[in-house]
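What follows is a set of notes on a single structure, which appears directly below.
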Amino acid sequence: MTPLRTHPIGVLRLNCRLARLPLQLVDDVAMVHLDRQAPARLAYQRFLIGCDRTAAYLLNDETAARRAAASSPSPVPARGPILANQILCGVRRRWA
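Just so we're aligned: 81 in my numbering is position 68 of the sequence shown, and the numbers increase by one with no gaps anywhere.
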């Protein structure tokens, strides 16, 4: 790349990292108090990973790519079968 093109990309990377600081602070301070399987915590983790992947792709940011690869969202238990079982039990109780 030419020096004229690399300079604006570097500025964008810096802005992206600065914009991520408050998001990381919320994750470090507030989200740790939630259960590991709490929907809000899982959604926030996925949001941060999505932001890192986007920055890695658009800005060719290796730091964001490493951060996205290192932080995988917690596995979510299969809720479909559990919900179906709860619905069936509710229907059985109603008819019993």
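Every residue gets a Cβ at the ideal spot worked out from N, C-alpha and C, and that includes glycine.
Classify residue i: buried if its beta carbon has 16 or more other beta carbons within 10 angstroms, exposed otherwise.
i, result
"Arg-54", "buried"
"Leu-61", "buried"
"Arg-80", "buried"
"Ala-82", "exposed"
"Asp-41", "exposed"
"Ala-48", "Residue identity check: residue 48 is Asp in the sequence provided, not Ala. Classification of Asp-48: exposed, given that the 10 Å Cβ count is below 16."
Among the options, whose alpha-carbon lies nearest the alpha-carbon of residue i?
i, options, result
"Ala-43", "Arg-33, Arg-30, Ala-77, Tyr-57", "Tyr-57"
"Arg-66", "Cys-29, Leu-47, Pro-21, Asp-48", "Cys-29"
Tell me the DSSP secondary structure of residue i in three-state form.
i, result
"Arg-49", "coil"
"Ala-43", "coil"
"Arg-33", "helix"
"Gln-58", "helix"
Between which residues of its own chain and residue i is the CB-CB distance below 7 Å, once the five residues before and five after are set aside?
i, result
"Pro-35", "none"
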